[in-house]
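**Student:** Just so we're aligned, residue 1 is where the sequence shown starts under full-length UniProt numbering, counting upward by one.
We treat Cβ as the ideally placed atom computed from N, Cα and C, and that holds for glycine.
No experiment lies behind these values; they were computed from the predicted model shown.
Input: one structure, supplied below.
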Amino acid sequence: MKNTLKGIEVHCDDCGKTFRIEKLETDWVNDSVRRTYFECPHCKKKYTSFYEDAKVRENIKDIQKLQKKMNGIVAQNREIMESLKQKYEA
Ligand SMILES: [Zn+2]
1 MKNTLKGIEV
11 HCDDCGKTFR
21 IEKLETDWVN
31 DSVRRTYFEC
41 PHCKKKYTSF
51 YEDAKVRENI
61 KDIQKLQKKM
71 NGIVAQNREI
81 MESLKQKYEA
């Protein structure tokens, strides 16, 4: 999620200059909410990318687990299909 914005060109509404997003910063808004943002290197204006709380972070972990599981299933299917092909076309 964090890397998807890197390198994207942004036009700053405040100073009118254009820049590429180099890195995303994070800070804690309170005990549970974290903000991810980037800064205009020219005027230092901060642009919020997103906020996340404990539930969002928990969901992100779940999504990562599911993606891992999905990748395993896809790989398994590829193997089965390959062996079926060898079996029936040999
Ligand atoms: Zn600016």
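Buried or exposed, going by whether 16 or more other CB atoms sit within 10 Å of the CB of residue 50?
**Tutor:** Exposed, since its Cβ has fewer than 16 Cβ neighbours within 10 Å.
**Student:** Among the residues of its own chain, which have a CB less than 8 angstroms from the CB of residue 33, if the five just before and after it don't count?
**Tutor:** 51, 52, 53.
**Student:** Residues with a Cβ closer than 6 angstroms to any heavy atom of ligand 1, in chain order?
**Tutor:** Here the residues come out as 12, 14, 15, 17, 40, 42, 43, 45.
**Student:** For residue 94, count the other beta carbons within 10 Å of its own beta carbon; 16 or more makes it buried, fewer makes it exposed. Which is it?
**Tutor:** Since the first and last residues shown for the chain are 1 and 90, residue 94 lies out of range.
**Student:** Please list, in chain order, all residues of the same chain as residue 10 whose beta carbon is under 8 angstroms from its beta carbon, the five residues on each side excluded.
**Tutor:** Cβ neighbours of residue 10 beyond the five flanking positions: 18, 19, 20, 21, 38, 40, 47.
**Student:** What would DSSP say about residue 74, mapped onto helix, strand or coil?
**Tutor:** Residue 74 falls in the helix class under three-state DSSP.
**Student:** According to DSSP, which residues form a beta bridge with residue 47?
**Tutor:** Its beta-bridge partners are 38.
**Student:** Do you know how far the Cα of residue 6 is from the Cα of residue 76?
**Tutor:** Each residue's Cα considered, the two are about 33 angstroms apart.
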